[in-house]
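Take the sequence shown: its letter number 275 is residue 275 in the working numbering, and every next letter is one higher. Note that CB positions come from ideal geometry on N, CA and C, so glycine has one too. Every value quoted in this text rests on a predicted model; they were computed, and no experiment measured them. Below is one structure, written out as structure tokens, with a few remarks after it.
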Amino acid sequence: MRYDVVIIGSGVAGLYAAIELPKSLKVLVISKSHPWECNTYYAQGGVTTAYNDADIPLHISDTLGAGAGLCDPDAVKLMSESSQGVIRDLIGRGFMFDRDSNGNLLYTQEAAHSRSRILHAGGDATGRHLHLFLLQQNPHPMLSNATVVDLLMENQKCCGVEVLSEGTRKLIYADNVIIASGGVGSLYEYHTNSHAISADIHGICLEKGIALESMEMMQFHPTVFVSGSGARKLLLTEALRGEGAWIVDENGVRFLFEYDERGEMAPRDIVSRAIFDYKQRTSSQVYIACEHFDKEYFQERFPNIYKALRDLGYNLPKDRVPISPAFHYAIGGIKSDLDGKVPGVEGLYVIGEAACTGVHGANRLASNSLLEGLVFGKRSAQMIQRHPLYPCTQKFALGNEPLEIQEDKEKKDRLRRIMWDKVSIVRTANGLNEARDEINEMMDAGVGRLLKLRLLSARAIVESALKRTESIGVHYMQHEGQK
Ligand SMILES: Cc1cc2nc3c(=O)[nH]c(=O)nc-3n(C[C@H](O)[C@H](O)[C@H](O)COP(=O)(O)OP(=O)(O)OC[C@H]3O[C@@H](n4cnc5c(N)ncnc54)[C@H](O)[C@@H]3O)c2cc1C
């Protein structure tokens with residue numbers, strides 16, 4: 001099998017890149033599970049856009065502010081300046097963002113944005129609506145339930161992928177490969193991500209000597225209903241706080257103001273840490289309280305949260321819902337340039353959450369990630385068309401490492417616990433060193449290839465965290481004797 005372009009991943013980034021590639025090219029989009037099983041599908045709050053040209057400098061400064069000085073200013077500028085264009089393109093193709101009764105687009109605000117500039121669809125079902133729309137628009141074939149287990153590399157050129165599909169390992173050659181495989185959610189015990197998101201491609205890149213960047217920067221969402229039974233925990237969108245929901249303790253006290261004068265509107269890392277600390281210090285349960293919302297408005301604006309919690313026995317907006325922080329978003333990732341190219345490797349691109357473009361710095365501004373996927377997805381597709389490549393000449397053999405062995409399941413769970421206990425919201429040098437030792441021990445004892453890739457990615461997070469000894473953005477280091 002030979003293609004012009006293989007795209008690993010059918011989320012917002014992969015699909016928007018696919019749409020931008022003409023039908024005259026032979027393109028294949030691969031997804032690990034069902035095509036809709038990805039983080040994009042679960043996105044709730046919306047897509048950020050500069051509200052108008054005058055808002056671009058403000059959107060840039062909000063993004064840079066959230067990123068705590070570690071963003072790449074050129075990447076942020078490019079993303080913000082491109083935002084109105086990609087939104088116009090989506091609307092032009094027929095995508096329906098929510099509008100008021102006069103047909104005006106409805107914008108909402110989320111934490112650390114200085115104005116309303118977030119578009120949404122289906123109330124709190126932006127990701128689902130956008131994803132279905134992009135799937136419909138994609139003119140190229142898709143290969144579902146297929147896991148990429150290796151990249152085919154000839155010197156510094158990527159020549160395709162090895163996949164596991166229908167129980168068989170196969171080689172797929174391609175002049176260009178776009179990695180759009182999302183973040184690292186399944187490495188953590190508590191997370192909001194799709195089960196298809198497990199950092200395997202990050203691990204493959206590490207094996208091939210391809211650089212990852214800012215891997216210590218992992219974002220935790222403050223308001224997650226973690227009591228549910230599935231691996232993926234139900235996220236309660238930031239837009240709830242943006243529109244007035246409170247975070248309270250068992251006595252109804254809005255304790256966030258003890259930590260930050262912005263209270264519920266502080267950036268999510270501050271809110272996550274405050275909830276984590278308050279729970280530890282007081283042993284109080286923490287709740288999200290929406291009781292001051294109008295019932296009809298709540299049901300219309302947040303229909304999915306309303307229904308999901310109703311099925312779990314909560315009557316919103318009246319009932320308070322217990323919450324905890326959980327892993328949410330990988331800021332760090334595979335290093336890319338502003339066209340989505342992986343530096344130093346011909347024919348290899350990385351976009352969306354898998355990439356580290358530098359737009360998020362030390363902390364992602366809410367709802368900037370769907371936008372990042374759109375902007376850089378499009379740019380990678382445009383770059384491919386400007387930059388045709390000659391196919392590789394080498395013939396590759398299938399890998400012979402076993403993909404899974406019997407003991408892997410138990411070790412996978414152990415890894416998740418280590419990452420949650422020692423590499424999550426509050427980190428210590430001791431905890432990180434212990435995590436690295438335990439990861440190495442598991443690796444040395446022998447594991448299947450898929451777990452090895454997870455362990456490599458997890459170790460990259462730990463090692464980056466050990467290197468950055470000061471706290472900044474989402475990376476919080478507690479030093480000995482410090483409270
Ligand atoms: C619950 C939730 C709510 C969110 N809300 C918002 C929001 O309101 N606004 C916002 O901007 N962002 C939000 N985010 C973040 C945002 O949804 C993601 O960052 C974004 O959708 C990532 O898109 P992506 O295309 O990079 O990856 P994904 O949409 O995660 O897609 C990854 C794809 O890669 C495939 N894949 C992975 N590994 C392999 C492999 N080895 N082989 C083959 N295929 C593979 C998967 O099957 C999947 O198709 C939210 C995230 C979550 C989890």
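> Does DSSP put N176 in a helix, a strand or coil?
Replying inline: Reading the sequence shown from its first residue, position 176 is the one you call residue 176. Residue state, collapsed to three classes: strand.
> Got a sec? Which residues, its chain only, sit under 6 Å from Y3 by beta carbon, not counting five neighbours each side?
Replying inline: Taking the first residue of the sequence shown as 1, we reach residue 3 at position 3. Counting only Cβ-Cβ distances below 6 Å, and skipping sequence neighbours, we find K26, L28 and A174.
>> Quick check: is any heavy atom of ligand 1 less than 7 Å from the C-beta of T357?
In response: Translated into positions along the sequence shown, residue 357 becomes position 357. No.
>> Looking at the strands, I want to know which residues DSSP matches up with R241.
In response: Position 241 of the sequence shown, counted from the first residue, corresponds to residue 241. R241 is bridged by DSSP to nothing; it lacks a bridge partner.
> Heavy atom of ligand 1 less than 7 Å from the Cβ of T168, yes or no?
Replying inline: For this step, residue 168 is matched to residue 168 along the sequence shown. No, the beta carbon of T168 sits no closer than 7 Å to any heavy atom of ligand 1.
>> Rounding to the nearest angstrom, what Cα-Cα distance links P317 and E238 in this structure?
In response: Start at 1 with the first residue of the sequence shown, and residue 317 comes out as number 317. Start at 1 with the first residue of the sequence shown, and residue 238 comes out as number 238. Computed Cα separation, rounded: 15 Å.
> Ends of the beta strand (DSSP E) at V248?
Replying inline: For the purposes of this step, residue 248 is identified with residue 248 of the sequence shown, where counting begins at 1. W246 to D249 is the span of the beta strand (DSSP E), which, as asked, contains V248.
>> Let me confirm a value: Q219 is counted as buried when at least 16 other C-beta atoms fall within 10 Å, else exposed. Which label applies?
In response: Indexing the sequence shown from 1 puts residue 219 at position 219. So Q219 counts as buried.
> With distances taken from CA atoms, which of E20, D74 and I118 is nearest L371?
Replying inline: Residue numbering aside, residue 371 sits at position 371 when the sequence shown is read from its first letter. Each of E20, D74 and I118 was checked against the Cα of L371, and the nearest Cα belongs to I118.
>> Going by C-alpha to C-alpha distance, which of L415, G333, A435 and G352 sits closest to S10?
In response: As a position in the sequence shown, residue 10 is number 10, starting the count at 1. Ranked by Cα distance from S10, the first of L415, G333, A435 and G352 is G352.
>> Closest to S464 by C-alpha separation, out of E404, M215 and P22, would be which residue?
In response: What you label residue 464 is simply residue 464 of the sequence shown in a count that begins at 1. Of E404, M215 and P22, the residue nearest in Cα terms is M215.
> Apart from the five residues on each side of it in sequence, which residues of its chain come closer than 7 Å, Cβ to Cβ, to L105?
Replying inline: Working through the sequence shown from its first residue, we reach residue 105 at position 105. Exclusion of the five residues before and after L105 leaves F97, R99 and L119 as the residues of its chain whose Cβ lies within less than 7 Å of its Cβ.
> How many angstroms separate the CA atom of S83 from the CA atom of I56?
Replying inline: Residue mapping note: residue 83 aligns to position 83 of the sequence shown, counting from 1. Residue mapping note: residue 56 aligns to position 56 of the sequence shown, counting from 1. A straight line joining the alpha-carbon of S83 with that of I56 spans about 9 Å.
> Taking three-plus beta-carbon pairs below 8 Å as touching, is the segment 134-146 in contact with the segment 294-314?
Replying inline: Here the segment 134-146 makes no contact with the segment 294-314; the two share fewer than three CB pairs at distances below 8 Å.
> Any chance the segment 424-437 sits against the segment 450-467, with 3 or more Cβ pairs inside 8 Å?
Replying inline: Enough Cβ pairs lie closer than 8 Å, so yes.
>> Closest to I472 by C-alpha separation, out of M442, A112 and V426, would be which residue?
In response: Locating residue 472 in the sequence shown gives position 472, counting from the first residue. Check the Cα spacing between I472 and each of M442, A112 and V426: the tightest is with V426.
>> Would you say D408 lies against chain C (beta-carbon separation less than 8 Å)?
In response: As a matter of chain content, chain C is missing from the structure shown, which is built from one protein chain.
>> Ignoring anything shorter than 3 residues, give me the beta strand (DSSP E) runs that lie fully in the segment 280-306, in order along the chain.
In response: Unbroken beta strand (DSSP E) stretches of 3 residues or longer found wholly inside the segment 280-306: 286-289, given in chain order.
> Is A445 buried or exposed, if buried means 16 or more other CB atoms sit within 10 Å of its CB?
Replying inline: By one-based count along the sequence shown, residue 445 stands at place 445. Around the beta carbon of A445, fewer than 16 other beta carbons sit within 10 angstroms, so the residue counts as exposed.
> Taking all protein chains shown into account, do 16 or more other C-beta atoms lie within 10 angstroms of the C-beta of D124, making it buried, or fewer, making it exposed?
Replying inline: Counting from 1 along the sequence shown, the entry for residue 124 is found at position 124. Buried, by the Cβ-count rule.
> A18 and I30 look like a contact to me (Cβ under 8 Å); what is the Cβ gap, rounded to whole Å?
Replying inline: The residue given as residue 18 occupies position 18 in the sequence shown. The residue given as residue 30 occupies position 30 in the sequence shown. So it is not a contact: roughly 11 Å between Cβ atoms.
> Since L212 sits in a beta bridge, which residues does DSSP pair it with?
Replying inline: Translated into positions along the sequence shown, residue 212 becomes position 212. Answer by DSSP bridge pairing, in chain order: I334.
> Contact check, P222 vs I275 under 8 Å by CB: the rounded distance?
Replying inline: Indexing the sequence shown from 1 puts residue 222 at position 222. Indexing the sequence shown from 1 puts residue 275 at position 275. Contact holds; Cβ gap of about 5 Å.
> How would you write the range of the alpha helix (DSSP H) that Y16 sits in, first residue to last?
Replying inline: Translated into the one-based positions of the sequence shown, residue 16 becomes position 16. First-last of the alpha helix (DSSP H) with Y16: V12 to E20.
> Is D490 near ligand 1, in the sense that its beta carbon is under 7 Å from a heavy atom of that ligand?
Replying inline: Given a span of 1 to 483 for the chain in the structure shown, any question on residue 490 remains unanswerable.
> When you compare each of L236, L338, T282 and P267 to V253 by their alpha carbons, which one comes out closest?
Replying inline: Locating residue 253 in the sequence shown gives position 253, counting from the first residue. The candidate whose alpha carbon is nearest that of V253 is T282.
>> Using a Cβ-based criterion (distance less than 7 Å to any ligand heavy atom), does G32 qualify as near ligand 1?
In response: Here residue 32 refers to the residue found at position 32 when the sequence shown is read from its first residue. First, the amino acid is wrong: residue 32 is Lys here, not Gly. K32: yes, Cβ under 7 Å from ligand 1.
> Excluding the five sequence neighbours on either side, which residues of its own chain have a C-beta within less than 7 Å of the C-beta of K233, listed in chain order?
Replying inline: As a first step, residue 233 is located in the sequence shown; it is residue number 233 there, counting from the start. When the five nearest sequence neighbours on each side are left out, the beta carbons in the same chain lying within less than 7 Å of the beta carbon of K233 are those of Y190, H191, T192, V224, F225, V226 and A326, in order along the chain.
> Hey, out of L374, L151, E166 and T168, whose CA is closest to G160's CA?
Replying inline: Taking the sequence shown and counting its residues from 1, the one referred to as residue 160 is at position 160. For G160, the nearest C-alpha among the options comes from L151.
> Looking only at its own chain, which residues have a Cβ that is under 6 Å from the Cβ of N176, when we skip the five neighbours before and after it?
Replying inline: Position 176 of the sequence shown, counting from 1, holds the residue named residue 176. Closer than 6 Å at the Cβ level, and outside the excluded window around N176, lie V5, G347 and I384.
> Within 10 angstroms of its Cβ, does T49 collect 16 or more other Cβ (buried), or is it exposed?
Replying inline: On the sequence shown, residue 49 is found 49 positions in, with the first residue counted as 1. Flag for T49 reads buried.
>> Please state the DSSP three-state secondary structure of K32.
In response: Within the sequence shown, the letter at position 32 stands for residue 32. Correct three-state label for K32: coil.
> Anyone know if the C-beta pair for L212 and G333 falls short of 8 Å?
Replying inline: If you number the sequence shown from 1, residue 212 lands on position 212. If you number the sequence shown from 1, residue 333 lands on position 333. Cβ atoms of L212 and G333: closer than 8 Å.
>> Using a Cβ distance threshold of 8 Å, determine whether the segment 375-384 contacts the segment 56-69, with at least three qualifying pairs required.
In response: The way I'd put it, the segment 375-384 doesn't touch the segment 56-69; fewer than three beta-carbon pairs between them come closer than 8 Å.
>> Would R364 and A66 qualify as a contact pair, given that the criterion is a beta-carbon distance under 8 Å?
In response: By one-based count along the sequence shown, residue 364 stands at place 364. By one-based count along the sequence shown, residue 66 stands at place 66. Cβ distance < 8 Å, so R364 and A66 count as in contact.
> Grouping DSSP H, G and I as helix and E and B as strand, with all else coil, what is H131?
Replying inline: Taking the first residue of the sequence shown as 1, we reach residue 131 at position 131. Correct three-state label for H131: helix.
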